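Undergrad:
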Amino acid sequence: MLNKKQASKVSPLVANKEAWDSLEEYLREQIQMTLRALVAAQSELEVFRLQGRITSLEQIKGLKADYDAAVRTKE
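The sequence shown maps to residues 12 to 86 in our numbering.
#1: So, with DSSP's three-state summary, where would you put residue 84?
#2: Within a Cβ cutoff of 7 Å, which residues of the same chain sit near residue 35, ignoring the five residues on either side of it in sequence?
#3: With a threshold of 8 Å on Cβ separation, who are the neighbours of residue 58 within its own chain once the five nearest residues in sequence on each side are excluded?
#4: Which of helix, strand or coil does DSSP assign to residue 12?
#5: Leaving out five residues before and five after residue 74 in sequence, what residues of the same chain have Cβ atoms less than 7 Å from its Cβ?
#6: Please list, in chain order, all residues of the same chain as residue 41 whose beta carbon is under 7 Å from its beta carbon, the five residues on each side excluded.
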């Protein structure tokens with residue numbers, strides 16, 4: 012969850028619909044590619060690395076929802 016100060020830093024990105032939509036599409040593609048790599052992973056270390064990548068991509072993908080929640084929060 013973002014606080015108001017953090018939300019103001021990401022505001023230019025998430026408030027720009029065209030930029031956000033493009034980023035979101037890119038993130039979806041990266042998640043799909045990483046899931047395919049995860050299925051074919053040969054080692055436990057590779058599985059852990061790919062799981063971490065998916066987690067990071069999902070966190071970025073959820074940035075707009077976190078931003079919206081921070082903006083609605085009263086401080």
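Backbone N, C-alpha and C fix where the C-beta goes; we use that ideal spot for every residue, glycine too.
From a predicted model like this one, the values you see are computed outputs, not experimental measurements.
TA: Result, derived from the coordinates:
#1: coil
#2: 72
#3: 49, 52
#4: Three-state DSSP puts residue 12 in coil, outside helix and strand.
#5: So the list reads 21, 25, once near-sequence residues are dropped.
#6: 68
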